[in-house]
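Protein chains: 2
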Amino acid sequence: MPKQVDHEGRRRQIAEAVCQLADESGLEGVTLRDVAARADVSMGAVQRCFRTKEEMLVFALGHIGERVGARVSARLTASPAQSARTALGHAATEVSLLRDEHRAEARVWLAFVAQAAVSPPLAEILRSNYTGLQTVFTRLISEASDTEDPERAARTLLALADGLTTHVLIGHLSPATALDVLDGHLRHLWNQKAP
Amino acid sequence: MPKQVDHEGRRRQIAEAVCQLADESGLEGVTLRDVAARADVSMGAVQRCFRTKEEMLVFALGHIGERVGARVSARLTASPAQSARTALGHAATEVSLLRDEHRAEARVWLAFVAQAAVSPPLAEILRSNYTGLQTVFTRLISEASDTEDPERAARTLLALADGLTTHVLIGHLSPATALDVLDGHLRHLWNQKAP
DNA sequence: GCCGAAGTGATGCAGGTGCATCGGAAAAGG
DNA sequence: CCTTTTCCGATGCACCTGCATCACTTCGGC
Chain C
1 MPKQVDHEGR
11 RRQIAEAVCQ
21 LADESGLEGV
31 TLRDVAARAD
41 VSMGAVQRCF
51 RTKEEMLVFA
61 LGHIGERVGA
71 RVSARLTASP
81 AQSARTALGH
91 AATEVSLLRD
101 EHRAEARVWL
111 AFVAQAAVSP
121 PLAEILRSNY
131 TGLQTVFTRL
141 ISEASDTEDP
151 ERAARTLLAL
161 ADGLTTHVLI
171 GHLSPATALD
181 VLDGHLRHLW
191 NQKAP
Chain Z
1001 MPKQVDHEGR
1011 RRQIAEAVCQ
1021 LADESGLEGV
1031 TLRDVAARAD
1041 VSMGAVQRCF
1051 RTKEEMLVFA
1061 LGHIGERVGA
1071 RVSARLTASP
1081 AQSARTALGH
1091 AATEVSLLRD
1101 EHRAEARVWL
1111 AFVAQAAVSP
1121 PLAEILRSNY
1131 TGLQTVFTRL
1141 ISEASDTEDP
1151 ERAARTLLAL
1161 ADGLTTHVLI
1171 GHLSPATALD
1181 VLDGHLRHLW
1191 NQKAP
C-alpha cells in the first residue's frame, strides 16, 4: 500500500488555520490559498481533505463547537464536589467566551453565526451545539434551584450569554461588565423562588 | 447650474438595496454591481454617492439603526398612557426583531455585527446605537420598578434581546419561544424586589 | 439658444477567487 | 531493485471583485 497520511489530524490542523484567519479578518478573509499557507500545507492538500470550501467551513465550525463543549464538560466534571450553582456559573462563563484568551474563539463563533443565517449546513451544526448546551443548562438549573420552568431559564441564560459575547466583541461592554451582568442574572435566578 | 439630484434620497435607496441583498445572501453577497442593479441605478451612481464600499456599508448600517430606533421611539410615544412596564416590554420586543416581518432586518443586523467585529468603523456605529438603546432601557426600568441597579438590568435585557434574535435566526428557537423567554424575564424583573 | 459645469453610466484594469487538472514523489509488495 | 498504487502540490482556468477612467447627457444661467 502507498503513502498513508493522518487525515483527521490534518483536518484539525486546517480547521485551526481557518479559525486563526477568521479571527483576524472575518470569515470572508478565509480563502483556500491563505488557509493552506497558514496551515503549512499545499492548496492541493486542503482540497483533498475537503471537497469544497463549505465542507471545510462546516468542519471548522464543528471543531470549535467541540472545543467549547469539551471545556464546559471539563469544568463540570472537574468540580463535582461544588454545588450545581457554581457549576452552572462556570459553565455559563465558559460559554460566554468572556476571558481574554478566548476572544479569538468568540470572533470566530460570531463570524460563523452570521454565515449560518444564510447557510443551512452551518446552521445545522450550530443548532445541534446549542441544543446540547441547553440540555446541560436545563439539567443544572433544575438540580440547583426549584425554578418552575428550568427549560425557559436555560434558554434565557444561553441567549444572555451569547448576547453578552456579542456586546463585548463590538465593544459595547467590557468583559468585566459582562461578567458582572452574568453574575447578577445568576443571583436573581437563585433568589427568585427561594428567598 | 446643471442637473441636481436628491443625493440623500438616493443614498437611502441604495442602503435599502444593500439590506435586501445582505438579507438574501449575507454581507459577502453585497457587491457594487448587485447593489446598483437592485437599486435600479448604474454602478457609477453608486460610486458617486459613496466614495468606497465600506462607506456605503457604514451608511446602510446607520440607516437600519435609525429605522429600529425610530420604531422604538414610536412605540414609546404612541402609548404614553400605559405603564412604563408595558412600554419596556414593547421596546424590548421591537429591539429583538422577533416579528416575522422584521426577519430580514434581523439577518442584516447580524451580518453587520459580525463584520463589525473586524471593522472599527462599523463597530463605532453599532456602539452608538447600543448606547442609545441602553439609555432608554435604563430610564424605563428605573421608572417602572425599584430595581437596585437599573443600568445592569438594562444591559441584561439588551443582551438577552440580541441573544434571542440570534437564536431565532439560526433556528435554535422559534419566534414564539423567544417571545415567551423575553416575557418571562420581564416578569421576573418586576417581581424581584416588589413581591 | 447655447454654453459649461455637474452628474451619469459603460468600459477597462489589476488582482484575487474557488475549483479542476496533471505530472511526479513516496511507500508497500514482489 | 522495481513496480504499482496512493497521495501530493504546483499550475491553469474561468470568473468575479472593487475601483478608476472618460465620453456623454442634462439642465440652469446668460
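If you read the sequences in order, they're chains C and Z.
Using the working numbering, the first residue of the first sequence is number 1, and each one after it goes up by one.
Using the working numbering, the first residue of the second sequence is number 1001, and each one after it goes up by one.
Yeah, the Cβ is synthetic: ideal placement off N, Cα and C, and Gly gets one too.
#1: Using a 10 Å radius around the Cβ and a threshold of 16 neighbouring Cβ atoms, would you call C:E8 buried or exposed?
#2: Exposed or buried, Z:D1146, counting other C-beta atoms within 10 Å across all chains shown (16 or more means buried)?
#3: What's the C-alpha gap between C:V46 and C:I14?
#4: If you drop the 5 nearest sequence neighbours on each side, which residues of the same chain put their C-beta closer than 7 Å to that of Z:K1053?
#5: Does chain Z have any CB closer than 8 Å to the CB of C:I170?
#6: Using a Cβ-Cβ cutoff of less than 6 Å, which residues in the same chain neighbour C:G89 once the five nearest sequence positions on both sides are dropped?
#7: Terminal residues of the continuous alpha helix (DSSP H) containing C:G89?
#8: Report yes or no: is there a C-beta of chain C within less than 8 Å of the C-beta of Z:L1186?
#9: Might you give, ordered along the chain, the residues of its own chain that have their beta carbon closer than 6 Å to the beta carbon of C:L27, omitting 5 neighbours on each side?
#10: Let me know if Z:S1128 comes out buried or exposed under the rule of 16 or more other beta-carbons within 10 Å of its beta-carbon.
#11: With 8 Å as the threshold, decide whether the Cβ of C:V58 is near any Cβ in chain Z.
#12: I need the DSSP call for Z:P1195, collapsed to helix, strand or coil.
#13: Rounded to the nearest angstrom, how far is the Cβ of C:G62 from that of C:I141, given a contact under 8 Å?
#14: When the distance is taken between beta carbons, is Z:S1083 closer than 8 Å to Z:A1144?
#15: Taking the alpha-carbon of C:H167 as reference, which of Z:T1131, Z:E1094 and Z:F1050 has the nearest alpha-carbon?
#16: Give me the Cβ distance between C:I64 and C:V108, rounded to the nearest whole Å; I'm assuming they're in contact under 8 Å.
#17: Ignore the nearest five residues each way along the sequence and tell me which others in C:P195's own chain have a CB closer than 6 Å to its CB.
#18: When the distance is taken between beta carbons, is Z:F1137 closer than 8 Å to Z:L1158?
#19: According to a CB-to-CB cut-off of less than 7 Å, which residues of the segment 1095-1124 of chain Z neighbour chain C?
#20: Does any C-beta atom of chain C lie closer than 8 Å to the C-beta of Z:G1132?
#21: In angstroms with no decimal places, state the Cα-to-Cα distance between C:A37 and C:M43.
#22: Closer than 7 Å, Cβ to any Cβ of chain C: which residues of the segment 1014-1036 of chain Z, in chain order?
#23: What separation, rounded to the nearest whole angstrom, lies between the Cα atoms of Z:E1105 and Z:L1189?
Per the coordinate set shown:
#1: exposed
#2: exposed
#3: 7 Å
#4: L1032
#5: yes
#6: L186
#7: A84 to S96
#8: no
#9: A111 and Q115
#10: Label assigned to Z:S1128: exposed.
#11: no
#12: Because Z:P1195 sits at a pLDDT of 41, beneath the cut-off of 50, its placement in the model cannot be relied upon, and the following sentence gives the value as read from the coordinates. Looking at Z:P1195 - three-state DSSP - the assignment turns out to be coil, as it is neither helix nor strand.
#13: That belief does not hold up - the Cβ atoms of C:G62 and C:I141 are roughly 26 Å apart, past 8 Å.
#14: yes
#15: Z:T1131
#16: 6 Å
#17: Reliability of the predicted coordinates at C:P195 is poor, the pLDDT of 41 falling under 50, and the value obtained from them is presented with this limitation in mind. Excluding positions up to five away in sequence, the list is empty.
#18: yes
#19: Within the segment 1095-1124 of chain Z, the qualifying residues are R1107, L1110, A1111, V1113, A1114, Q1115, A1116, A1117, V1118 and A1123.
#20: no
#21: 8 Å
#22: S1025, G1026 and E1028
#23: 28 Å
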